[in-house]
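Residue 17 is where the sequence shown starts when you use the working numbering, and the numbers rise one by one after that. Every residue gets a Cβ at the ideal spot worked out from N, C-alpha and C, and that includes glycine. If you're wondering where the values come from, they're calculated on a predicted model, not measured in any experiment. Everything below concerns the one structure shown next.
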Amino acid sequence: FGPLLPDFLNSEAFFFLVTVVLLVILLVVVGYISHRVYGRQLFVIGEAIVAKIPIVGWVYGSVKQIIAAFNQGKSAFKEVVLIKYPHDEAFAIAFLTNETVEYIDEKVGEPMVAVFMPTTPNPTSGFLMYIPKRRIVRTRLTVDQAFKLIISVGIMSVEDIKREDAISGRHCALPETEK
């Protein structure tokens with residue numbers, strides 16, 4: 017082909033470039049196929065191995081459940097509430113997770129609710145508490161707005177969030193307290 021092709025197409029640099037491009041395409045195709053077909057199987061096998069390791073399996077399972085709860089978004093947390101914590105003069109943001117805890121209601125003798133009170137600034141950890149239903153203060157904050165307050169360690173105010181949501185076209189309501 018020497019006399020028929022221009023000098024550039026006949027050079028070693030061109031063949032090197034073509035080889036690199038073909039290798040990249042091959043790697044992408046192999047990666048896609050392994051991710052779609054074999055990747056899931058390897059992930060399931062890896063999870064099964066990790067689950068059998070003492071302590072690590074328990075921690076992994078717990079973290080996986082927490083992440084799944086956060087990934088469910090608004091359905092994981094029914095409502096944003098305020099609870100008196102750590103004493104009667106202070107309030108903390110919490111997420112109502114269950115309003116029907118009959119097995120605890122019977123033991124305590126009054127209606128209880130389950131709330132998750134996340135820590136700040138990392139809301140993936142926190143405390144699960146069962147508290148009397150009469151002690152929660154309902155808000156009109158969305159779960160997203162509450163997370164913004166928690167992650168910002170209170171630096172963002174509800175008004176800041178309202179302004180930010182108005183700019184982005186989302187609806188925001190200020191909290192409403194009920195006594």
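Sorted by chain position, which residues of the same chain lie with C-beta nearer than 8 Å to T169's C-beta, five sequence neighbours on each side aside? Before going further, note that residue 169 is Val rather than Thr in the sequence given. If we look at V169 and ignore the five residues flanking it on each side, its Cβ neighbours are T136, P137.
By Cβ distance, which residues of its chain are closer than 6 Å to S141, with the 5 residues on each side in sequence left out? T135
Within the chosen definition, does the segment 111-123 reach the segment 141-155 through at least 3 CB pairs nearer than 8 Å? yes
With C-beta atoms as the reference, is L98 less than 8 Å away from V153? yes
Checking 8 Å against the spacing of the C-beta atoms, do K100 and R151 come in under that value? yes
Could you please give the first and the last residue of the uninterrupted beta strand (DSSP E) stretch that includes Y119? Here Y119 belongs to no beta strand (DSSP E); instead the alpha helix (DSSP H) covers 118-124.
Under the rule that 16 or more other beta-carbon atoms within 10 Å means buried, what is Q57, buried or exposed? It counts as exposed.
Evaluate A106 with the Cβ neighbour count: other Cβ atoms within 10 Å of its Cβ, from every protein chain shown; 16 or more gives buried, anything less gives exposed. exposed
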